[in-house]
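Peer 1: In the working numbering, the protein residues as written are 81 to 362.
Just so it is clear, CB atoms sit at the ideal spot from N, CA and C, and this is done for glycine as well.
Just dropping this structure here.
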Amino acid sequence: MASGLITVLLSIVVVVTALIVVGAALCIDRRQLRELRDDLRARLRLAAPAIGLLAVVLVVNSLTRRTAQRLSWLIGVEITDRIFRLEGTFVAWVQTFQTTELTLYFSAVYVYGYVFLLVFPLFAYLALSKQRPLHELTIAYTANYALGLVCYLLFIAYGPRNLGIAEQFMYNVYPSSRFLTSAVNTPTNVFPSLHTSLSVTVLLFAWRTRGAYPRWLAIAAVLATSVAVSTMYLGIHWLTDVIAGIGLASASYWIGVHGADRWREAVTSATPRLAAAFRSRP
Numbered sequence: 081m082a083s084g085l086i087t088v089l090l091s092i093v094v095v096v097t098a099l100i101v102v103g104a105a106l107c108i109d110r111r112q113l114r115e116l117r118d119d120l121r122a123r124l125r126l127a128a129p130a131i132g133l134l135a136v137v138l139v140v141n142s143l144t145r146r147t148a149q150r151l152s153w154l155i156g157v158e159i160t161d162r163i164f165r166l167e168g169t170f171v172a173w174v175q176t177f178q179t180t181e182l183t184l185y186f187s188a189v190y191v192y193g194y195v196f197l198l199v200f201p202l203f204a205y206l207a208l209s210k211q212r213p214l215h216e217l218t219i220a221y222t223a224n225y226a227l228g229l230v231c232y233l234l235f236i237a238y239g240p241r242n243l244g245i246a247e248q249f250m251y252n253v254y255p256s257s258r259f260l261t262s263a264v265n266t267p268t269n270v271f272p273s274l275h276t277s278l279s280v281t282v283l284l285f286a287w288r289t290r291g292a293y294p295r296w297l298a299i300a301a302v303l304a305t306s307v308a309v310s311t312m313y314l315g316i317h318w319l320t321d322v323i324a325g326i327g328l329a330s331a332s333y334w335i336g337v338h339g340a341d342r343w344r345e346a347v348t349s350a351t352p353r354l355a356a357a358f359r360s361r362p
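Spelled out as structure tokens, the structure:
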């Protein structure tokens, strides 16, 4: 299993790197790339507080995944039946449009397109002379993961494929993806869809920065829509999960826009005090 997971991760790195190169050629001006090269260290230093917070939340999510699942069974509410009563076999209906070409497309979007959609704007916004969009997006990512973890603790839900009402098309055309999904997902973490929430968050920021990157807005719109549809086409999420993911994206976008400056100011003001306290230790 470990070798299979490593192979999948390497393929993601190679494909996403190639997509970033293409995306940069299409969306980012050469002058911006030269300025980024000359000013990279200073920009990374400015982005460090927001990136550091995101890294902490990601590590906590990773380390507590199994523990959180056990805690969820103690305090959470099982909502799978309620979701099924609400929307019935909508996902099964979506799968009636299945073709080999669509399955290949949505599987590629779910694995590779999704990662590219999240990573590319970090690079693109780092290339801007004003770093505010990068800080806002990073805080919005953090809010998505943090609020998503809370939702997974409070709501227990199995996806359509776990109930046997949807086919697992992705594993038919891309069997090695099992290694990735089993490593990063748990069966009851479907409400809301983080794939949808993070993708829509990127789309909202692409609209916000459309003046700087008009082509990226078009690319993000296609990819974000495709990711949301892929989660249902592949039987992973319910329509309810997708709608909840859009709501989570809206909340996270608001937090990113209004919370980035406050977080940076808090870290900036706390850093001298922490440094002084460290120096005063015997």
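Which word fits Asn269, buried or exposed, when buried means at least 16 other C-beta atoms lie within 10 angstroms of its C-beta?
Peer 2: Under this definition Asn269 is a buried residue.
Peer 1: Can you give the Cα-Cα distance for Tyr205 and Trp287, rounded to whole angstroms?
Peer 2: About 13 Å.
Peer 1: Does the region 274-284 come close enough to the region 177-186 to have 3 or more Cβ pairs within less than 8 Å?
Peer 2: The region 274-284 is not in contact with the region 177-186.
Peer 1: For Val282 versus Tyr192, is the C-beta distance shorter than 9 Å?
Peer 2: Contact flag unset, no.
Peer 1: Please go through the same chain and pick out, in chain order, the residues whose beta-carbon is closer than 7 Å to the beta-carbon of Ala300, but skip the five residues on each side of it.
Peer 2: Correct list, in chain order: Leu197, Val282, Leu283, Ala286.
Peer 1: Please list the terminal residues of the continuous alpha helix (DSSP H) segment that includes Ile316.
Peer 2: Ile316 -> no alpha helix (DSSP H), and no H or E assigned at all.
Peer 1: Just list the alpha helix (DSSP H) runs in the region 161-186, keeping only unbroken ones of 4 residues or longer that don't cross its boundaries, in chain order.
Peer 2: Listed in chain order, they are 170-174.
Peer 1: Just how far apart, CA to CA, sit Ile245 and Lys210?
Peer 2: Those two C-alpha atoms are separated by around 48 Å.
Peer 1: Please list the terminal residues of the continuous alpha helix (DSSP H) segment that includes Arg212.
Peer 2: 212-234 is the span of the alpha helix (DSSP H), which, as asked, contains Arg212.
Peer 1: Within its chain, find whatever has a CB closer than 6 Å to the CB of Ser360; leave out the 5 residues flanking it on each side and keep chain order.
Peer 2: Per-residue confidence for Ser360 stands at a pLDDT of 47, beneath the threshold of 50, marking its modelled position as unreliable; the derived number appears in the next sentence. No residues qualify anywhere along the chain.
Peer 1: Please name the residue in Ala331, Pro129, Glu247 whose C-alpha comes closest to that of Gly315.
Peer 2: Closest option to Gly315, Cα to Cα, is Glu247.
Peer 1: Quick one: measure Cβ to Cβ for Ala148 and Leu274, integer angstroms, because I've assumed they're closer than 8 Å.
Peer 2: The pair is not a contact, with the Cβ atoms about 14 Å apart (cut-off 8 Å).
Peer 1: Identify every residue that forms a DSSP beta bridge with Glu158.
Peer 2: Ile236.
Peer 1: If I follow the unbroken alpha helix (DSSP H) through Phe200, where does it start and stop?
Peer 2: 194-206 is the extent of the alpha helix (DSSP H) around Phe200.
Peer 1: For Pro267 versus Tyr238, is the C-beta spacing smaller than 9 Å?
Peer 2: In contact: Pro267 and Tyr238 (Cβ atoms closer than 9 Å).
Peer 1: Determine the direct distance from the alpha carbon of Tyr254 to that of Tyr313, and round the result to whole angstroms.
Peer 2: Taking the straight line from one Cα to the other gives about 15 Å.
Peer 1: Is the beta carbon of Thr222 within less than 8 Å of some heavy atom of the ligand MG?
Peer 2: Absence of the ligand MG from the depicted structure is noted, as is the absence of any ligand whatsoever, leaving it without description.
Peer 1: Quick check: the Cα distance between Asn224 and Asn252, rounded to an integer number of angstroms?
Peer 2: Going by the C-alpha atoms only, they are around 30 Å apart.
Peer 1: At what residues does the alpha helix (DSSP H) containing Gly132 begin and finish?
Peer 2: It spans 110-143 - the alpha helix (DSSP H) in which Gly132 sits, taken as one unbroken run.
Peer 1: Using 8 Å for Cβ pairs, my map puts Ser152 next to Leu233. What's the rounded Cβ distance?
Peer 2: With a Cβ gap of about 5 Å, Ser152 and Leu233 count as contacting.
Peer 1: Please list, in chain order, all residues of the same chain as Leu364 whose beta carbon is under 8 Å from its beta carbon, the five residues on each side excluded.
Peer 2: As shown, the chain starts at 81 and ends at 362. That puts residue 364 outside it, with no answer to give.
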